[in-house]
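**Q** Residue numbers (our numbering), protein chains in the order written: chain V, 524 to 756; chain A, 3 to 257; chain S, 82 to 320. To start, I am sharing the structure in question, which I have written as structure tokens.
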Amino acid sequence: MLDLHGYGPRLLEGAGVTIQLAVLSLILAIVLGLLTASAKMSRNWLLHKVATLYTTVIRGVPDLVLMMLLFFGGQMGLNVLTDMLYDRYGVDWYVNLNAFAAGVLTIGFIFGAYMGETFRGAFMAVDHGQIEAGKAYGMSPWLVFRRIRFPLMMRHALPGLSNNWMVLLKTTALVSVIGLTDMVRVAAEASRATHEPFTFLLPVAAIYLLIASVSEWLFARLQKRYNVGFGEH
Amino acid sequence: MKKLLTVSILGLAIAAGSAQARDYDHVRFGVDVPYEPMEYRTPEGELTGFDIDLGNALCAEIGITCEWIEQEWDGIIPGLLSRNYDAIMSSMTINDERRETVLFSDPYITPPSAWFAPADSSLDETTKDTLDGKTIGVQRGTLQDNYVTDMYGDVASISRYSTADDMVLDMQAQRLDIVFLDFPVGKSTLLDSESRDYKVVGETITEPKEYFGDGFGIAFRQRDEALAERFNEALATLQEDGTYDEIFERYFGEE
Amino acid sequence: MEWFNALLAGNRIFTPNTIGFYWEGLVTTTQLVFLSLLVGLVLALPLAILRGSKHKWIKLPIYAFTYVFRGTPLLIQLYIIYYGVVFFDGIQETFLWPMLREAFYPALIAFTLNTAAYTTEIFHGAIKSTARGEIEAARAYGMSPGLTMRRIILPSAFRRALPAYGNEVIFMLHASAIASVVTLMDLTGAARFVYARYYAPFEAFLFAAAVYLCLTFAILFFFRYLEKRLLAHLRPQSG
Chain V
524 MLDLHGYGPR LLEGAGVTIQ LAVLSLILAI VLGLLTASAK MSRNWLLHKV ATLYTTVIRG
584 VPDLVLMMLL FFGGQMGLNV LTDMLYDRYG VDWYVNLNAF AAGVLTIGFI FGAYMGETFR
644 GAFMAVDHGQ IEAGKAYGMS PWLVFRRIRF PLMMRHALPG LSNNWMVLLK TTALVSVIGL
704 TDMVRVAAEA SRATHEPFTF LLPVAAIYLL IASVSEWLFA RLQKRYNVGF GEH
Chain A
3 MKKLLTVSIL GLAIAAGSAQ ARDYDHVRFG VDVPYEPMEY RTPEGELTGF DIDLGNALCA
63 EIGITCEWIE QEWDGIIPGL LSRNYDAIMS SMTINDERRE TVLFSDPYIT PPSAWFAPAD
123 SSLDETTKDT LDGKTIGVQR GTLQDNYVTD MYGDVASISR YSTADDMVLD MQAQRLDIVF
183 LDFPVGKSTL LDSESRDYKV VGETITEPKE YFGDGFGIAF RQRDEALAER FNEALATLQE
243 DGTYDEIFER YFGEE
Chain S
82 MEWFNALLAG NRIFTPNTIG FYWEGLVTTT QLVFLSLLVG LVLALPLAIL RGSKHKWIKL
142 PIYAFTYVFR GTPLLIQLYI IYYGVVFFDG IQETFLWPML REAFYPALIA FTLNTAAYTT
202 EIFHGAIKST ARGEIEAARA YGMSPGLTMR RIILPSAFRR ALPAYGNEVI FMLHASAIAS
262 VVTLMDLTGA ARFVYARYYA PFEAFLFAAA VYLCLTFAIL FFFRYLEKRL LAHLRPQSG
């Protein structure tokens, strides 16, 4: 039987951190992605430029480098601001990003760029006639979005979304390098202490595979749901 | 699941608030663990070591409470500046480069640095010639890193590690020919370890001051002069009344 | 050289010394990425063909390999290989050790296996989607299955795989940043060193980010050019 040398509970805790981190980052990334996609399709050239800069730069730089920049640099930037407040105005206020929050913000920010591209492609693929039809029925723009554009867009976005999620899940492993105690960090620490790398790293790899397989199944079901009415034969 | 999510969103919320009054009654120390015997965990998970015991004694002397927050060496000064904790007590050498960023207490111990190699290694001195083509291990961002980089960077290959633990593991795996460490740490992790035999190569090193500074100090944010002063006074008291010697004896006893 | 020193004067971080670190980092990153992509590609080609085999005992192990390597973080694969090789008894006495003791080769092995897994699936997808008509035409000409594969399926699949493979190359470049975790002084390793020495996160990491961005664009343009050349026949013919 697998002997985890007493690291079992911490490993489980680490798995919890990994899952929470991944899910919360995903939510943030989807929100940012929708905003970016709308900005890219808007007629306002400034919004368009900002969104394009965001997606280009983020997708051109390694996740780990961005993570270190935002994680180490972000805190220092905040300090400069709060120190200035204190020195100039005597306002003793500070903002303290904990490692978990910084991880979620960073991963969400990175994957917002990928999601933006996915959503933009999907919105473009929606048949314009359907939107016209909605308008002709006298639907408000919000209702058109909720009832027609969003569900139709999701059908096209799901494969990309599922792919982004799989990459995001694996990216969470990088937070272990910048000091957050996810399951990879616990496993690495335990393998050093016990000199048994396989005992800890292989089970963690298996957990990733398990999460990936479960998500694959979930996305397949979602896809089925959004395909309703499109006769997939 | 819903509850879990609420909790994590709460955790996500940025902790904002007003800092403690200038005169602290609770001090949070940032510390990089493990760095035996200065700071490490017992197998039961309890935090211990020379820094920890001395830090706790200092707080007791001042009459405040304190807690220890773990932080990897890479980010230990930025963490202080971001107020993740109020002071660093983690075998930090006082030197001019760091003085630009933080405020130091008086030195509380002055251990030398030393070279460690496997006992059967042919290395018996550490000149540029003998280390030519060798692989040297150091902890990233330490004064040992700075020294080795400037002195041997052009002849040897240097492996930099995030923690001293990683480095010791690679030393045991025979990936490194020699490592450069704070002497007490090398002694307790290498010389006293059971797995293989190690030796000190050459003399222990404390010069030049430009690199090796003036011993270990507690680091504070520049503006916390009052706090640093209280720790200096407490340190002087403990050194007089024998408490300091007692703690020193506990970790460096045999010599 | 004088203008270079003048440019760096009055700046405490970007000394000729640290620029040297970044340069060596760039060289290491390039070597690591290029070699792993090359070997990965050579491994992936036969694997992709065999992946489409009718025999369960050929198909399944390859599928298992790609599933595991694509489903787990590269960081874990790197840890397993870097720390794992040490624990084979007596490895230090074998002829392999002079290579394995360096961080470069364990990293190269991990990256190669990882990119081989992704590339296998990319080519497998492209081979599978070959138009039936092309294959039937080849059969009608009396081509053997081997010849059909070599002359018809592979060239057309290769072209179809090109855009996805371009993404994989960029992905590998970005993934290689984790090499610094096992002490390799690649571009990211250089940035981490500069950050730890001068406590200057913005300068240290923004500089590295800018270099990665340039490399990414270079790869992007290279693949655009390749696509233009190789996929020319697919573009609508203008009168």
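The C-beta atom is built at its ideal place from N, Cα and C for all residues, glycine as well.
Ordered along the chain, which non-local residues of its own chain (more than five positions away) have a Cβ less than 8 Å from that of Met3 (chain A)?
**A** Because Met3 (chain A) carries a pLDDT of 46, less than 50, the predicted location of this residue cannot be relied on, and the following value inherits that uncertainty. Within the same chain, Met3 (chain A) has no close Cβ partners at all.
**Q** Are at least three pairs of beta-carbons, each pair with one atom in the stretch 103-110 of chain A and one in the stretch 209-223 of chain A, less than 8 Å apart?
**A** The stretch 103-110 of chain A is in contact with the stretch 209-223 of chain A.
**Q** Give, in chain order, every residue of the stretch 595-615 of chain V whose Cβ lies closer than 9 Å to some Cβ of chain S.
**A** Flagged, chain order: Phe595, Gly596, Gly597, Gln598, Met599, Gly600.
**Q** Using a 10 Å radius around the Cβ and a threshold of 16 neighbouring Cβ atoms, would you call Ala277 (chain S) buried or exposed?
**A** When all chains shown are included, Ala277 (chain S) counts as buried.
**Q** Check whether the stretch 187-206 of chain A and the stretch 28-39 of chain A are in contact - that is, three or more C-beta pairs closer than 8 Å.
**A** Flag = yes, the stretch 187-206 of chain A and the stretch 28-39 of chain A touch.
**Q** In chain A, which residues lie less than 9 Å from Phe288 (chain S) when you measure between Cβ atoms?
**A** Residues of chain A passing the Cβ test: none, with the nearest at roughly 17 Å.
**Q** Rounded to a whole number of angstroms, what is the C-alpha to C-alpha distance between Leu49 (chain A) and Asn234 (chain A)?
**A** About 24 Å.
**Q** Quick one: which unbroken beta strand (DSSP E) runs of 3-plus residues sit fully inside the stretch 115-147 of chain A? Chain order, please.
**A** If we require 3 residues or more, the beta strand (DSSP E) runs fully inside the stretch 115-147 of chain A come out as 115-120, 137-141.
**Q** Does the beta-carbon distance from Ala648 (chain V) to His679 (chain V) come in below 8 Å?
**A** In contact: Ala648 (chain V) and His679 (chain V) (Cβ atoms closer than 8 Å).
**Q** Closest by CA to Tyr87 (chain A), which one among A:Val33, A:Thr245, A:Leu178?
**A** Of the candidates A:Val33, A:Thr245, A:Leu178, the one whose C-alpha sits nearest the C-alpha of Tyr87 (chain A) is A:Val33.
**Q** So, helix, strand or coil for Gly661 (chain V), using DSSP?
**A** Three-state DSSP puts Gly661 (chain V) in coil, outside helix and strand.
**Q** Less than 7 Å separating the Cβ of Glu215 (chain S) from some heavy atom of the ligand COA?
**A** The ligand COA is not part of this structure, which contains no ligands at all.
**Q** What is the rounded straight-line gap between the Cα of Gly539 (chain V) and the Cα of Thr208 (chain A)?
**A** Computed Cα separation, rounded: 46 Å.
**Q** Please report the distance separating the alpha-carbon of Ala23 (chain A) from that of Gly81 (chain A).
**A** Note that Ala23 (chain A) has pLDDT 37, beneath the 50 cutoff, so the model's placement of it is unreliable and the number below is only indicative. One C-alpha to the other measures close to 20 Å.
**Q** Using the three-state DSSP reduction, which class does His651 (chain V) fall into: helix, strand or coil?
**A** In this structure, His651 (chain V) counts as helix in the three-state DSSP scheme.
**Q** At the 8 Å Cβ level, is Thr264 (chain S) part of the contact set with chain V, yes or no?
**A** Answer no: the Cβ-Cβ gap between Thr264 (chain S) and chain V never drops below 8 Å.
**Q** Pick out whichever of V:Ile542, V:Val707, V:Tyr731 has its Cα sitting closest to the Cα of Pro720 (chain V).
**A** Ranking the options by Cα distance to Pro720 (chain V), first place goes to V:Val707.
**Q** DSSP has His28 (chain A) in a bridge; who is on the other side?
**A** Partner(s): A:Thr67.
**Q** Hey, quick one: how far does the beta strand (DSSP E) through Thr206 (chain A) stretch, first residue to last?
**A** Element bounds for Thr206 (chain A): 200-207.
**Q** Could you check the C-alpha separation between Ile234 (chain S) and Leu301 (chain S) for me, to the nearest Å?
**A** When rounded, the distance between both Cα atoms is 26 Å.
**Q** For the beta strand (DSSP E) containing Tyr164 (chain S), name the first residue and the last one.
**A** Taken as a continuous stretch (DSSP letters only), Tyr164 (chain S) belongs to no beta strand (DSSP E), being part of the alpha helix (DSSP H) at 155-165.
**Q** Taking the beta strand (DSSP E) that Asp184 (chain A) belongs to, which residues open and close that run?
**A** Its beta strand (DSSP E) spans residues 180-184.
**Q** What would DSSP say about Glu183 (chain S), mapped onto helix, strand or coil?
**A** Reduced to three states, the DSSP call for Glu183 (chain S) is coil.
**Q** Taking Tyr1 (chain A) as the query, report the chain S residues whose CB atoms sit under 9 Å from its CB, ordered along the chain.
**A** This structure cannot settle anything about residue 1 (chain A), because the visible part of chain A is limited to 3 through 257.
**Q** If you measure from the beta carbon of Arg177 (chain A) to each beta carbon in chain S, is any gap under 8 Å?
**A** So yes, Arg177 (chain A) belongs to the interface.
**Q** Note down, in chain order, every chain S residue with its Cβ under 9 Å from the Cβ of Pro720 (chain V).
**A** Residues of chain S passing the Cβ test: Tyr160, Ile161, Tyr163, Tyr164, Gly165, Val167, Phe168.
**Q** Less than 8 Å between the C-beta atoms of Ala238 (chain S) and Thr211 (chain S), yes or no?
**A** Yes.
**Q** Can you tell me the Cα-Cα spacing of Tyr213 (chain A) and Asn97 (chain A), whole angstroms?
**A** Rounded to the nearest angstrom, the two C-alpha atoms are 7 Å apart.
**Q** For the pair the stretch 48-68 of chain A and the stretch 89-96 of chain A, tell me if three or more CB-CB distances fall below 8 Å.
**A** In short, these stretches touch, since the Cβ pair count reaches three.
**Q** Out of A:Val170, A:Phe185, A:Val203, A:Lys211, which has the shortest C-alpha to C-alpha gap to Glu196 (chain A)?
**A** Here the closest residue by C-alpha is A:Val170.
**Q** Count the other C-beta atoms from every protein chain shown that fall within 10 angstroms of the C-beta of Met607 (chain V), then say buried if there are 16 or more, exposed otherwise.
**A** Classification for Met607 (chain V): exposed.
**Q** Leaving out five residues before and five after Tyr154 (chain A) in sequence, what residues of the same chain have Cβ atoms less than 6 Å from its Cβ?
**A** Once the five neighbours on either side are set aside, the close Cβ partners of Tyr154 (chain A) are Leu133.
**Q** Would you verify that the beta carbon of Asp53 (chain A) is, or is not, closer than 8 Å to some beta carbon of chain V?
**A** So no, Asp53 (chain A) is outside the interface.
**Q** Tell me the DSSP secondary structure of Ile160 (chain A) in three-state form.
**A** Note: Ile160 (chain A) maps to strand in three-state DSSP.
**Q** Given this structure, state the Cα-to-Cα distance separating Arg623 (chain V) from Gln543 (chain V), to the nearest angstrom.
**A** Correcting the residue type first, residue 623 (chain V) is Phe in the shown sequence and not Arg. When rounded, the distance between both Cα atoms is 10 Å.
**Q** Which ranges would you report for the alpha helix (DSSP H) in the stretch 61-108 of chain A if only whole runs of at least 4 residues count?
**A** You should have 78-83, 98-101.
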